[in-house]
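Have a look at the structure below, then the notes.
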């Protein structure tokens, strides 16, 4: 289907998303790139260990907070973060980037909810999803929600912030998504890896078209909230 046959509003949105609004300089420093790799390895270890504990184990909370701290410190220490901007016409504003991120998050959440009903029909895959959701069944839901959202924002700061800048100009959308997926697979859960491919690709595109991390953060936070509250009843 050609864009000429699409509604004008959709065409304008696609045209706006196609624009690369990154104005910051890529990370050319070998030392800074190695630092990104170092934080990436530390974070992968934290992720693998945190999801290997038994659901309900109190060690889960400090481990996941340690993971978030790793991503945040790594992002701040190795890159210059920008909120970004977006609009259908012109350079746009930060509020436009936030709005785009929220809309994308709702759309991603809807896709995953629909996918959850299909996944539930496949025994092995359903079990993998249930293993992750089991962590939400223990402790305060407020604490679990806070940790989930903090980690989601932290991941975006690092992967769509530091990692994206570190691999520019070498196909950063693709490379940052692959790196994010590999790091997520440290959890040992294939379904988390699959989710990372979809979420990572969308958030990387948002980083490209807004030039910052505000839109990816909003998408990840909204998506996480929907998944956290909508999926447990489906797999329960």
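In this note's numbering, the protein residues as written are 39 to 274.
The beta-carbon is built from N, C-alpha and C at its ideal position, and this holds for glycine as well.
Taking C-alpha atoms, which residue in the options lies nearest to residue i?
i, options, result
"residue 116", "197, 98, 271, 269", "197"
"residue 179", "113, 142, 99", "99"
"residue 226", "166, 69, 272", "166"
"residue 253", "266, 190, 221", "190"
"residue 90", "173, 70, 211", "173"
"residue 235", "212, 244, 257, 224", "212"
"residue 109", "69, 271, 224, 80", "80"
"residue 57", "102, 187, 124", "124"
"residue 267", "188, 183, 164", "183"
"residue 269", "255, 228, 164", "164"
Where does residue i land, buried or exposed, given buried means 16+ other C-beta within 10 angstroms?
i, result
"residue 246", "buried"
"residue 133", "exposed"
"residue 160", "exposed"
"residue 38", "The chain is shown only over 39 to 274; residue 38 falls outside these bounds and no answer can be derived."
"residue 45", "exposed"
"residue 210", "buried"
"residue 69", "exposed"
"residue 230", "buried"
"residue 208", "exposed"
"residue 251", "buried"
"residue 54", "buried"
"residue 128", "exposed"
"residue 96", "exposed"
"residue 203", "buried"
"residue 205", "buried"
"residue 244", "buried"
"residue 92", "exposed"
Rounded to a whole number of angstroms, what is the C-alpha to C-alpha distance between residue i and residue j?
i, j, result
"residue 217", "residue 148", "25 Å"
"residue 265", "residue 170", "11 Å"
"residue 104", "residue 84", "7 Å"
"residue 60", "residue 238", "18 Å"
"residue 162", "residue 274", "15 Å"
"residue 144", "residue 74", "30 Å"
"residue 72", "residue 78", "10 Å"
"residue 138", "residue 220", "27 Å"
"residue 248", "residue 87", "34 Å"
"residue 175", "residue 153", "21 Å"
"residue 193", "residue 241", "11 Å"
"residue 113", "residue 119", "8 Å"
"residue 195", "residue 142", "17 Å"
"residue 50", "residue 131", "16 Å"
"residue 140", "residue 121", "14 Å"
"residue 272", "residue 201", "34 Å"
"residue 168", "residue 158", "9 Å"
"residue 136", "residue 261", "14 Å"
"residue 150", "residue 82", "24 Å"
"residue 223", "residue 102", "16 Å"
"residue 188", "residue 111", "13 Å"
Is residue i near the ligand SAM, judged by its Cβ being under 8 Å from some heavy atom?
i, result
"residue 45", "No copy of the ligand SAM appears in this structure; indeed no ligand is present at all."
| query | Which parts of the stretch 116 to 196 are runs of the alpha helix (DSSP H), unbroken and 4 residues or longer, counting only runs that do not cross its ends? | reply | 132 to 157, 161 to 171, 179 to 195
| field | 3-residue-minimum beta strand (DSSP E) runs that sit fully inside the stretch 202 to 265, ordered along the chain | value | none
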